[in-house]
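Enquirer: Numbering (the numbering used here), first residue to last: 2 to 624. All residues carry an ideal CB built from backbone N, CA and C; glycine is no exception.
1. Determine whether the beta carbon atoms of residue 288 and residue 367 lie at a separation below 7 Å.
2. Please confirm if residue 489 has its CB atom under 7 Å from at least one CB of chain D.
3. Assign residue 205 to one of three DSSP states: helix, strand, or coil.
4. So which of 358, 363, 321 and 314 has the shortest CA-CA distance to residue 342?
5. Check whether the Cβ of residue 177 lies closer than 6 Å to any heavy atom of the ligand ZN, and answer yes or no.
6. My guess is that residue 547 and residue 527 are in contact by the Cβ rule of under 8 Å, so how many angstroms apart are they, rounded?
7. Beta strand (DSSP E) containing residue 443: first to last residue?
8. Could you check which residue in 486, 386 and 423 has the C-alpha nearest to that of residue 210?
9. What's the gap between the Cα of residue 437 and the Cα of residue 198?
10. Would you decide whether residue 620 is buried or exposed? Buried here means 16 or more other CB atoms lie within 10 Å of its CB.
11. For residue 200, which option in 465, 63 and 531 has the closest C-alpha, if you only look at C-alpha atoms?
12. For residue 185, tell me which candidate among 459, 608, 80 and 23 has the shortest Cα-Cα distance.
13. Return the CA-CA distance between residue 178 and residue 13, expressed in angstroms with no decimal places.
14. May I have the straight-line CA-CA distance separating residue 359 from residue 380, to the nearest angstrom?
15. Is there contact here, the stretch 433 to 448 with the stretch 484 to 503, by at least three beta-carbon pairs under 8 Å?
16. Decide yes or no for the touch test of the stretch 159 to 173 against the stretch 39 to 49: beta carbon pairs closer than 8 Å, at least 3 of them.
17. Going by beta carbon distance, what residues of the same chain come within less than 7 Å of residue 42, once the five residues before and after it are set aside?
18. Take residue 476 and list the residues in its own chain whose beta-carbon comes closer than 8 Å to its own, dropping the five residues that flank it on each side.
19. For the alpha helix (DSSP H) that contains residue 299, what are its first and last residues?
20. Please name the residue or residues paired with residue 395 in a DSSP beta bridge.
21. To the nearest whole angstrom, what separates the beta carbons of residue 487 and residue 454, a pair I think is in contact under 8 Å?
22. Residue 162 to residue 353, Cα distance in whole Å?
23. Please look up how many angstroms separate the CB atoms of residue 593 and residue 585, rounded, as I've assumed it's under 8 Å.
24. Given that a residue counts as buried once 16 or more other Cβ atoms are within 10 Å of its Cβ, and exposed if not, what is residue 58?
25. Among the candidates 258, 268 and 227, whose CA atom is the shortest distance from the CA of residue 241?
26. With respect to the beta strand (DSSP E) encompassing residue 135, which residues constitute its N-terminal and C-terminal limits?
27. Is the CB-CB distance between residue 90 and residue 244 below 7 Å?
28. Please give me, in chain order, every unbroken run of the alpha helix (DSSP H) with length at least 4 that falls completely inside the stretch 219 to 243.
29. If you count every other CB in all the chains shown that lies within 10 Å of the CB of residue 332, and 16 or more means buried, which is it?
30. Name the residue from 515, 361 and 391 whose alpha carbon lies nearest to the alpha carbon of residue 587.
31. Quick test of the definition: if touching needs 3 or more C-beta pairs under 8 Å, does the stretch 219 to 236 touch the stretch 110 to 125?
32. Is residue 302 buried or exposed, if buried means 16 or more other CB atoms sit within 10 Å of its CB?
33. Assess, as a yes-or-no matter, whether the stretch 274 to 283 is touched by the stretch 323 to 337 under the definition of 3 or more beta carbon pairs within less than 8 Å.
34. Could you say which of 365, 417, 52 and 430 lies nearest to residue 213 if we only look at CA atoms?
35. Quick one: grab the DSSP three-state call for residue 210.
36. Take residue 521 as the anchor and find which of 567, 511 and 542 has the nearest alpha-carbon.
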């Protein structure tokens, strides 16, 4: 890993590798290679097109796209000009897109599909977007036969010119040789110059634009992956949304390390991509690991279930070896590995040597389950405002249940109330157009307040307890951290998600969103009438007494591991599976608690309808 001072230096480092493969992309059913020289030519062509439109240092370019090779081309081209890119999530509504385009003052918007183009045009009808001058669409018309032609879209919106992405890259093949003038302009951008504005997902309020400089991002790129020793023999599938800083940082760092990135635009293509690409590195948010676990357990019944449980017990006796990076040995392990564990590795492509989790807390149950399978997941921690990595477990320094040791160029302290505070070159300068919110997020002596509660142990490993704003305080004055309890519940295959409630109430309760694929399978095996027809009535299914009783047993099992004041006195199973698309989860799959509480206000009100007379120690009662 070479030290870089700006993202542009990182790009030029990658571009200088000539015919070495930098990226791969899925063309129909075939994975195709993109050499570094070709990357350089495409970025030069894109930068020239943006410059021709008057994009210069300080201007903003919005980017709304799945993970595909065009995304980093636009990113690097924008930054090479000294402009600022504004990545937006695909799942945002037209209203949200309009707000962010207006707030950022984006001059150009580059989108992946006609669907996203229509969203931008709709946003332009909702919001006044005087700064927006150009709209670029990546998809070719031939790949979208049912979509409107660009000419039709232009007729409906004559103010904003619409250009096919391919038109801007026509000269890319002739621009692959080094160009001193282009390189000099890219190198003229300084570490203090703004690189990107990333809007927070708004779990607790209106999204804020996090400003990150080239120096912020480069400080993380240069340090975070050194202990892993990644090199040109490594590969990774880029599937976490690049509009999220974790995925973007990872791609930057791996590119600098010489690893190959394979762009996977859709999550449902990931399993096939794993088999085809056979990556050596897997980085995912906890929900991905939880879903993999649920998938394995949900498909195990009868004899298969017995074999899985036996194998996990065998693996548990070797957990310490796995967690310290040693390969377990012994006859029982060998049999369990042949029958069960090896099949899971094959599903990951068969070559993954490094598993990393970030973006949200990884539950101890899930981390332990994978360790018993012979897979060590190295957990990390960071925020958009910290570019993002603050701490990370490494192969030579890892401890389960922690997020690892603080990066060497970052400082962490624990405030009197347990909040983690950070200082270092990775910490952002502030929120775009929000000086008051910026001032509030820093301590009087200049430390960034993360909003997370945590602790540092004697060996320097950092642990995260919960989000400060998400701690529940009962009317009796007890604080309850919801995430560890929710993670315990989500460890069960039938639980898709869980949300603890009870702030300012006598006791905690829980809303459970089922894993409906697993629940419907379970219901059919147990002859539940609501699951008998091909079109399962989910509302009727979650009201079935047997289903309620099954989920109550799950809650009771978790309650048995908790302190009395933490136990969930009541629960409700909702008839929807919370998702990013429906608005209950952020793109990194964290709960949007405010949304969930609003949508399930009736169930929550029922929990506490008799609170004035209910005893804090009452026995759990299913709903």
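Expert: Taking the geometry as given:
1. Against the chain shown, residue 288 aligns to sequence position 287. Against the chain shown, residue 367 aligns to sequence position 366. Their beta carbons are not under 7 Å apart, which means residue 288 does not touch residue 367 by this criterion.
2. Protein chain content of the structure displayed is limited to a single chain, and chain D is not contained in it.
3. Taking the first residue of the chain shown as 1, we reach residue 205 at position 204. Low local confidence applies: a pLDDT of 49 at residue 205 is under 50, so the model's placement there is unreliable, with the coordinate-based value given in what follows. Reduced to three states, the DSSP call for residue 205 is coil.
4. Counting from 1 along the chain shown, the entry for residue 342 is found at position 341. Comparing Cα positions, the closest option is 314.
5. In the structure on display, the ligand ZN does not appear, and there are no ligands present to speak of.
6. The residue given as residue 547 occupies position 546 in the chain shown. The residue given as residue 527 occupies position 526 in the chain shown. Yes, residue 547 and residue 527 are in contact; Cβ-Cβ is about 6 Å, under 8 Å.
7. In the chain shown, residue 443 corresponds to position 442, counting from 1. Where residue 443 is concerned, there is no enclosing beta strand (DSSP E), given that its DSSP letter is neither H nor E.
8. The residue given as residue 210 occupies position 209 in the chain shown. When each option's Cα is compared against that of residue 210, the closest is 386.
9. Locating residue 437 in the chain shown gives position 436, where the first residue counts as 1. Locating residue 198 in the chain shown gives position 197, where the first residue counts as 1. Distance between the alpha carbons of residue 437 and residue 198 is about 17 Å.
10. Within the chain shown, numbered from 1, the residue matching residue 620 stands at position 619. Reliability fails at residue 620, whose pLDDT of 41 lies under 50, so the model's placement of it is uncertain and the value that follows must be treated cautiously. Exposed, since its Cβ has fewer than 16 Cβ neighbours within 10 Å.
11. Here residue 200 refers to the residue found at position 199 when the chain shown is read from its first residue. Nearest option by C-alpha distance: 63.
12. To locate residue 185, count along the chain shown from 1; it is residue 184. Checked all of 459, 608, 80 and 23; the closest Cα to residue 185 is 80.
13. Along the chain shown, one-based indexing puts residue 178 at 177. Along the chain shown, one-based indexing puts residue 13 at 12. Rounded to the nearest angstrom, the two C-alpha atoms are 12 Å apart.
14. Within the chain shown, residue 359 is the residue found at index 358, counting from 1. Within the chain shown, residue 380 is the residue found at index 379, counting from 1. Answer to the nearest angstrom: the Cα atoms are 6 Å apart.
15. no
16. yes
17. By one-based count along the chain shown, residue 42 stands at place 41. Contacts found: 173, 174, 176 and 177.
18. In the chain shown, the residue the question calls residue 476 occupies position 475. The answer, listed in chain order, is 505, 506 and 507.
19. Along the chain shown, one-based indexing puts residue 299 at 298. From DSSP, the alpha helix (DSSP H) with residue 299 extends over 287 to 299.
20. Within the chain shown, residue 395 is the residue found at index 394, counting from 1. 398, per the DSSP bridge assignment.
21. Working through the chain shown from its first residue, we reach residue 487 at position 486. Working through the chain shown from its first residue, we reach residue 454 at position 453. At roughly 15 Å, the Cβ-Cβ gap does not stay under 8 Å, so residue 487 and residue 454 are not in contact.
22. For the purposes of this step, residue 162 is taken as residue 161 along the chain shown, with counting starting at 1. For the purposes of this step, residue 353 is taken as residue 352 along the chain shown, with counting starting at 1. The alpha-carbon atoms of residue 162 and residue 353 are separated by roughly 45 Å.
23. In the chain shown, counting from the first residue as 1, residue 593 sits at position 592. In the chain shown, counting from the first residue as 1, residue 585 sits at position 584. Rounded, the Cβ-Cβ distance is 6 Å, consistent with contact.
24. Here residue 58 is taken as the residue at index 57 of the chain shown, counted from 1. Residue 58 comes out exposed.
25. Taking the chain shown and counting its residues from 1, the one referred to as residue 241 is at position 240. The candidate whose alpha carbon is nearest that of residue 241 is 268.
26. On the chain shown, position 134 is the one that residue 135 refers to. Residue 135 -> beta strand (DSSP E) spans 135 to 138.
27. For the purposes of this step, residue 90 is taken as the residue at position 89 of the chain shown. For the purposes of this step, residue 244 is taken as the residue at position 243 of the chain shown. Yes, the pair counts as a contact, with Cβ atoms nearer than the cut-off.
28. none
29. For this step, residue 332 is matched to residue 331 along the chain shown. It is exposed - the Cβ of residue 332 has fewer than 16 other Cβ atoms within 10 Å.
30. Here residue 587 corresponds to residue number 586 of the chain shown, with the count starting at 1. Looking at the Cα atoms, 361 is the closest of the given residues.
31. no
32. The residue given as residue 302 occupies position 301 in the chain shown. Residue 302 should be labelled exposed.
33. no
34. Stepping through the chain shown from its first residue, residue 213 is reached at position 212. When each option's Cα is compared against that of residue 213, the closest is 430.
35. Against the chain shown, residue 210 aligns to sequence position 209. If DSSP states are grouped into helix, strand and coil, residue 210 belongs with the strands.
36. Locating residue 521 in the chain shown gives position 520, where the first residue counts as 1. Answer by Cα proximity: 542.
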